[in-house]
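Protein chains in written order, with the working numbering: chain A, 46 to 161; chain B, 22 to 137. A short worksheet on the structure shown next.
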Amino acid sequence: GAGVSQTPSNKVTEKGKYVELRCDPISGHTALYWYRQSLGQGPEFLIYFQGTGAADDSGLPNDRFFAVRPEGSVSTLKIQRTERGDSAVYLCASSLIGRGVPDTQYFGPGTRLTVL
Amino acid sequence: AQSVTQLGSHVSVSEGALVLLRCNYSSSVPPYLFWYVQYPNQGLQLLLKYTSAATLVKGINGFEAEFKKSETSFHLTKPSAHMSDAAEYFCAVSASSSGSARQLTFGSGTQLTVLP
């Protein structure tokens, strides 16, 4: 089956604009994660969904960042009033269950966001 | 809280030589540990994971890692490097406690170069 897909692959925007990044997880995966990877760094956790609800959003840097997963499948990461410091690769991952022993997280190719 | 330190942001080896990528972790509870590989313009791919079943973990592509609690280490090795192993490698930790157990905390990565 298909892996995790993310759209767009690249997004260039201007400072102050609003952006939406989309993630399509592997079919049947109930857990979905968002990470952010800045240049030269490892991915940093943003938020984790179990089904439709955000189980842990402790990694969101501020209230300009918001994510939804209304039907328990596709998720959208929303960034308001973008800043140059938001430029990074945003990674999405999904896993089958997300309980107990960590299931393998499968990562998408990422969306490269550039804020001018 | 957990953290990961990867010693050496860049490692170069000759083709056929031993690969050793270092990872030390910090965790207040028994950890789960992971190694991921990232090829250019591709998503992170799981190489192997430690979930307390066995201290020596074998992964894909001939890689293995050994969990050493006394040294808080989880170094990645491969006996003989191949040109196709050139990529960036990330070590990650996840706590075994409940709550935010499923988020991964990544190291800053090690870029492996394989010389002909």
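Cβ atoms here follow ideal geometry from the backbone N, Cα and C, with glycine treated the same way. Keep in mind the model is a prediction, meaning the values are calculated, not measured.
Given E116(A) as reference, the closest of G98(A), L84(A) and T149(A) once Cα atoms are compared: Numbered from 1 along the first sequence, position 71 holds the residue referred to as residue 116(A). Ranking G98(A), L84(A) and T149(A) by Cα distance to E116(A) puts G98(A) first.
CB contact below 8 Å: S8(B) versus chain A: Here chain B covers residues 22 to 137 and nothing more, so residue 8(B) does not appear.
Collapsed DSSP secondary structure at N82(B) in the structure displayed: By one-based count along the second sequence, residue 82(B) stands at place 61. Three-state result, N82(B): helix.
Within-8 Å CB hit, K70(B) to chain A: Counting from 1 along the second sequence, the entry for residue 70(B) is found at position 49. At least one chain A Cβ lies under 8 Å of K70(B).
Buried or exposed (CB count within 10 angstroms, at least 16 for buried), G29(B): One-based indexing of the second sequence puts residue 29(B) at position 8. Looking at its Cβ environment, which holds fewer than 16 other Cβ atoms inside 10 Å, G29(B) is exposed.
Chain B contact residues for P154(A), given Cβ-Cβ distances below 9 Å: To locate residue 154(A), count along the first sequence from 1; it is residue 109. Per Cβ cutoff of 9 Å: N62, Q63 and G64.
Secondary structure of R81(A), DSSP reduced to three states: As a position in the first sequence, residue 81(A) is number 36, starting the count at 1. If DSSP states are grouped into helix, strand and coil, R81(A) belongs with the strands.
CB contact check: G87(A) to chain B, cutoff 8 Å: Within the first sequence, residue 87(A) is the residue found at index 42, counting from 1. Yes - at least one Cβ of chain B is within 8 Å of the one on G87(A).
Endpoints, beta strand (DSSP E) assigned at K70(B): Sequence index remark: in the second sequence, residue 70(B) carries index 49 (1-based). L65 to Y71 is the span of the beta strand (DSSP E), which, as asked, contains K70(B).
Within-8 Å CB hit, F84(B) to chain A: Indexing the second sequence from 1 puts residue 84(B) at position 63. Judged by the 8 Å Cβ criterion, F84(B) is not in contact with chain A.
N55(A) - partner residues in DSSP beta bridges: Looking up residue 55(A) in the first sequence gives position 10. R157(A).
Buried or exposed (CB count within 10 angstroms, at least 16 for buried), E109(B): Here residue 109(B) refers to the residue found at position 88 of the second sequence. The residue is buried, with at least 16 neighbouring Cβ atoms inside 10 Å.
Length of the line joining the Cα atoms of T134(B) and L84(A): Against the second sequence, residue 134(B) aligns to sequence position 113. Against the first sequence, residue 84(A) aligns to sequence position 39. If I take the Cα positions, the gap works out to 18 Å.
Candidates L39(B), A113(B), T93(B) and L136(B), of which the one nearest S129(B) by Cα: Counting from 1 along the second sequence, the entry for residue 129(B) is found at position 108. Among L39(B), A113(B), T93(B) and L136(B), the Cα nearest to that of S129(B) belongs to A113(B).
Proximity below 8 Å, CB of F90(A) to CB of G104(A): Within the first sequence, residue 90(A) is the residue found at index 45, counting from 1. Within the first sequence, residue 104(A) is the residue found at index 59, counting from 1. Yes, they are a contact pair.
Local Cβ density within 10 Å of I142(A), reported as buried at 16 or more and exposed below that: Indexing the first sequence from 1 puts residue 142(A) at position 97. Exposed: under 16 other Cβ atoms inside 10 Å.
Inter-residue spacing [alpha-carbon to alpha-carbon] between K90(B) and H96(B): Here residue 90(B) refers to the residue found at position 69 when the second sequence is read from its first residue. Here residue 96(B) refers to the residue found at position 75 when the second sequence is read from its first residue. Between K90(B) and H96(B), the C-alpha separation is close to 12 Å.
The beta strand (DSSP E) enclosing P106(A), as first and last residue numbers: In the first sequence, the residue the question calls residue 106(A) occupies position 61. Counting along the chain, P106(A) falls outside any beta strand (DSSP E), and DSSP gives it neither H nor E.
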